[in-house]
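Trainee:
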Amino acid sequence: MTAAPPGSGSANHLPRPPHGTLLQRARRFRAPAALAVLVLVAGLALALAANGRTGSLDPRAASPEGSKAVATLLGREGVDVRLVRTLDEAVASAAAGDTLLVAQPDLLVEEQARRMAEVPASLVLVEPGQGFLDVVAPSVLEAGQSFDSARDPACPFPTAERAGRAELPGRVYSVRPDSATAATGCYPDASAAGDAVALVRLEPASGARSTTVLGSSRPLTNAGLDEEGNAALALGLLGEHERLVWYLPSPDDVPPGARRALRDLLPDGVEFGAVQIALAVVLAALWRGRRLGPVVPEPLPVVVPAAETVEGRARLYRRAHAADRAADALRTAAAGRLASGLGLPRRAAPPDVVEAVARATGRSPAEVGALLYGPPPGDDAALVRLASDLDRLETEARRT
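Just so you know, my numbering puts 998 at position 4 of the sequence shown, and the rest follows in order with no gaps.
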């Protein structure tokens, strides 16, 4: 009986292993499923934890980053605090003689900043960026970040003098030398070069509304209100007038046609952090993907003779009752060897192989075609006869 040697093109006819049970297949996905469940549970927990809470500097929020404490104190002092969430409400509500607090100026686009610059009320801007300052307070320049939180006022501004030492970590600013607006800088940053300060008070010569630039939201939060003189500073800035309009911008408060880039919504330092992470990933990839030298050949632990491999494959066919696949493997291997021996490509078309073999052996094309490409045998005895006939056909072809 002639069997196809290993690698002769009949590997695709091996009997397929039985499929695993449902439990075995489920075990393969345990880790991904557990990870997905963990992410889902974590997201649900965060959503439930944040349910009912508002964001940073919200006068209704009792969370550490909220401002309910300072809003309550202002109300006890007789200040009418009104929360607005849209620019239209802020412009309509803030009149001359009022204080307008802009909690998160960097959420506003340039068109909104222009409208804010025309409001007659006194402005208190919390941590504004340079883009917003160029429109509303062009005489103030952003001078970076400062972590030197506790500092003395060191300025003649009465509100800062009464508050005294305060905790003001965050942005620092400077005043343009050619500014025509009277400006007072308070709480200088000892760690920064130049005249960087955490608070700038602008007083126009005409006696119109004032503008206060506060570089830290710490004095307005529930967590930082009781530190140093933060409470006195917050109450002095926001309680200057009898009415306070608390404008808390929202990301969806964008005028029609205005678009905000994604990078404008990212907190400070995100881009720098992303660059550092990317650099670390590249270095890690270079470290882990370094060349380890040439491949070193190693002797196989066990050498299996080809005859044993063929015999083992034959047993697999027999155990699976795969007479059709065994016959197909025998025919494919015999056709390939006959084609190569007769000068044809190994993957020559069946009609070409039949014609060449019939011409070489003297048999009829019908007989050769039935042997090489005929129907599968019905039982093991027919398979044995087919193997003998193929072996005899190859012998006759080699004699020519």
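Glycine included, every Cβ here is placed at the ideal spot set by N, Cα and C.
Determine the direct distance from the alpha carbon of Phe1141 to that of Arg1076, and round the result to whole angstroms.
Mentor: The residue labelled residue 1076 in the question sits at position 82 within the sequence shown. The residue labelled residue 1141 in the question sits at position 147 within the sequence shown. One C-alpha to the other measures close to 32 Å.
Trainee: For Leu1193, list the residues DSSP reports as bridge partners.
Mentor: Indexing the sequence shown from 1 puts residue 1193 at position 199. DSSP output for Leu1193 lists Cys1180, Leu1208 as bridge partner(s).
Trainee: What does Gln1139 pair with, by DSSP beta-bridge criteria?
Mentor: Position 145 of the sequence shown, counted from the start, is the residue given in the question as residue 1139. DSSP lists Arg1165 as partners of Gln1139.
Trainee: In terms of alpha-carbon separation, which member of Pro1370, Arg1357, Leu1067 lies closest to Leu1387?
Mentor: As a first step, residue 1387 must be located in the sequence shown, where it is residue number 393. Here the closest residue by C-alpha is Arg1357.
Trainee: Which residues in the same chain have their Cβ closer than 8 Å to the Cβ of Glu1234, if we skip the five residues on either side of it in sequence?
Mentor: In the sequence shown, residue 1234 corresponds to position 240, counting from 1. Only Thr1093, Ser1116, Thr1153 meet the Cβ criterion.
Trainee: Indicate the three-state DSSP secondary structure (helix, strand or coil) for Ser1185 in the structure shown.
Mentor: Position 191 of the sequence shown holds residue 1185. Looking at Ser1185 - three-state DSSP - the assignment turns out to be coil, as it is neither helix nor strand.
Trainee: Is Ser1382 close to chain D, meaning its C-beta is less than 9 Å from at least one C-beta of that chain?
Mentor: Judged by its chain identifiers, the structure shown contains no chain D, having just a single protein chain.
Trainee: If you draw a straight line from the alpha carbon of Gly1158 to that of Leu1032, how long is it in whole angstroms?
Mentor: Counting from one through the sequence shown, the residue named residue 1158 turns up at place 164. Counting from one through the sequence shown, the residue named residue 1032 turns up at place 38. Distance between the alpha carbons of Gly1158 and Leu1032: 49 Å.
Trainee: Could you pull out every residue in the same chain whose Cβ sits closer than 7 Å to the Cβ of Arg1047, ignoring the five residues on either side in sequence?
Mentor: Within the sequence shown, numbered from 1, the residue matching residue 1047 stands at position 53. Note that Arg1047 scores 43 on pLDDT, short of 50, meaning its location in the model is unreliable and no value can be drawn from it.
Trainee: State the DSSP-derived secondary structure class of Ala1327, mapped to helix, strand or coil.
Mentor: By 1-based counting over the sequence shown, the position of residue 1327 is 333. Helix.
Trainee: Please classify Trp1281: is it buried, with 16 or more other beta-carbons within 10 angstroms of its beta-carbon, or exposed?
Mentor: Within the sequence shown, residue 1281 is the residue found at index 287, counting from 1. Exposed: under 16 other Cβ atoms inside 10 Å.
Trainee: I need the DSSP call for Ala1044, collapsed to helix, strand or coil.
Mentor: What you label residue 1044 is simply residue 50 of the sequence shown in a count that begins at 1. Reliability of the predicted coordinates at Ala1044 is poor, the pLDDT of 46 falling under 50, and the value obtained from them is presented with this limitation in mind. Looking at Ala1044 - three-state DSSP - the assignment turns out to be helix.
Trainee: Are there 16 or more other CB atoms within 10 angstroms of the CB of Arg1223, so buried, or fewer, so exposed?
Mentor: What you label residue 1223 is simply residue 229 of the sequence shown in a count that begins at 1. The question names Arg, but residue 1223 in the sequence shown is Gly. Buried.
Trainee: Short of 8 Å in beta carbon distance, which residues of its chain neighbour Arg1331, apart from the five on each side in sequence? Order them along the chain.
Mentor: Counting from 1 along the sequence shown, the entry for residue 1331 is found at position 337. So the list reads Glu1388, once near-sequence residues are dropped.
Trainee: Beta strand (DSSP E) containing Asp1220: first to last residue?
Mentor: Looking up residue 1220 in the sequence shown gives position 226. Neither: Asp1220 is in no beta strand (DSSP E) and is coded neither H nor E.
Trainee: According to the neighbour-count rule (16 or more other Cβ atoms, all chains shown, within 10 Å of its Cβ), is Arg1195 buried or exposed?
Mentor: Position 201 of the sequence shown, counting from 1, holds the residue named residue 1195. Counting Cβ neighbours within 10 Å, Arg1195 comes out buried, since at least 16 surround it.
Trainee: Given Asn1045, which residues of its chain have a CB within under 6 Å of its CB, disregarding the five upstream and five downstream residues?
Mentor: Locating residue 1045 in the sequence shown gives position 51, counting from the first residue. Because Asn1045 carries a pLDDT of 43, less than 50, the predicted location of this residue cannot be relied on, and the following value inherits that uncertainty. Taken in chain order, the list of residues that qualify is empty.
Trainee: Judging by CA-CA distance, which residue of Gly1138, Arg1108, Arg1145, Leu1273 is the nearest neighbour of Asp1128?
Mentor: The count along the sequence shown starts at 1 and reaches residue 1128 at position 134. Among Gly1138, Arg1108, Arg1145, Leu1273, the Cα nearest to that of Asp1128 belongs to Arg1108.
Trainee: I'd like to know if the segment 1285-1302 and the segment 1357-1376 are in contact, where contact means that at least 3 CB-CB pairs between them fall below 8 Å.
Mentor: Touching, no.
Trainee: Report yes if the C-beta distance between Leu1162 and Ser1210 is below 9 Å; otherwise report no.
Mentor: The residue given as residue 1162 occupies position 168 in the sequence shown. The residue given as residue 1210 occupies position 216 in the sequence shown. Cβ atoms of Leu1162 and Ser1210: closer than 9 Å.
Trainee: In the DSSP assignment, find the alpha helix (DSSP H) that holds Asp1346 and state where it starts and stops.
Mentor: Along the sequence shown, read from residue 1 onward, the residue named residue 1346 stands at position 352. Element bounds for Asp1346: 1344-1355.
Trainee: Take Ala1317 as the anchor and find which of Asp1374, Ser1168, Arg1212 has the nearest alpha-carbon.
Mentor: Within the sequence shown, the letter at position 323 stands for residue 1317. Per the Cα distances, Asp1374.
Trainee: Taking just the CA atoms, how far does Gly1218 sit from Ala1144?
Mentor: One-based indexing of the sequence shown puts residue 1144 at position 150. One-based indexing of the sequence shown puts residue 1218 at position 224. Whole-angstrom Cα-Cα distance: 12 Å.
Trainee: Could you tell me which residues DSSP pairs with Ala1160 in its beta bridges?
Mentor: Numbered from its first residue, the sequence shown carries residue 1160 at position 166. Answer by DSSP bridge pairing, in chain order: Arg1145.
Trainee: Around the C-beta of Gln943, are 16 or more other C-beta atoms found within 10 angstroms, so that it is buried, or is it exposed?
Mentor: Any answer about residue 943 is impossible in this case: the structure gives the chain only from 995 up to 1394.
Trainee: In the segment 1064-1130, which residue ranges form an unbroken beta strand (DSSP E) of at least 3 residues, counting only runs that do not cross its ends?
Mentor: The qualifying runs are 1074-1078, 1093-1096, 1116-1120.
Trainee: What's the C-alpha gap between Ala978 and Leu1214?
Mentor: Summary: the structure shown does not reach residue 978, with the chain confined to residues 995 through 1394, and so no result is reported for it.
Trainee: Classify Val1134 as helix, strand or coil using the three-state DSSP reduction.
Mentor: Here residue 1134 is taken as the residue at index 140 of the sequence shown, counted from 1. Reduced to three states, the DSSP call for Val1134 is strand.
Trainee: Can you determine whether any heavy atom of the ligand HEM sits closer than 8 Å to the C-beta of Cys1180, and answer yes or no?
Mentor: Ligands are entirely absent from the displayed structure, and the ligand HEM is therefore not among its contents.
Trainee: Just to confirm before moving on: does the CB-CB distance between Glu1136 and Val1166 stay below 9 Å?
Mentor: Taking the sequence shown and counting its residues from 1, the one referred to as residue 1136 is at position 142. Taking the sequence shown and counting its residues from 1, the one referred to as residue 1166 is at position 172. Their beta carbons are under 9 Å apart, which means Glu1136 touches Val1166 by this criterion.
Trainee: Closest to Asp1172 by CA distance: which of Gly1179, Pro1132, Pro1053 is it?
Mentor: As a position in the sequence shown, residue 1172 is number 178, starting the count at 1. Ranking Gly1179, Pro1132, Pro1053 by Cα distance to Asp1172 puts Pro1132 first.
Trainee: Classify Phe1151: buried if its beta carbon has 16 or more other beta carbons within 10 angstroms, exposed otherwise.
Mentor: Position 157 of the sequence shown holds residue 1151. Phe1151 is buried by the Cβ-count criterion.
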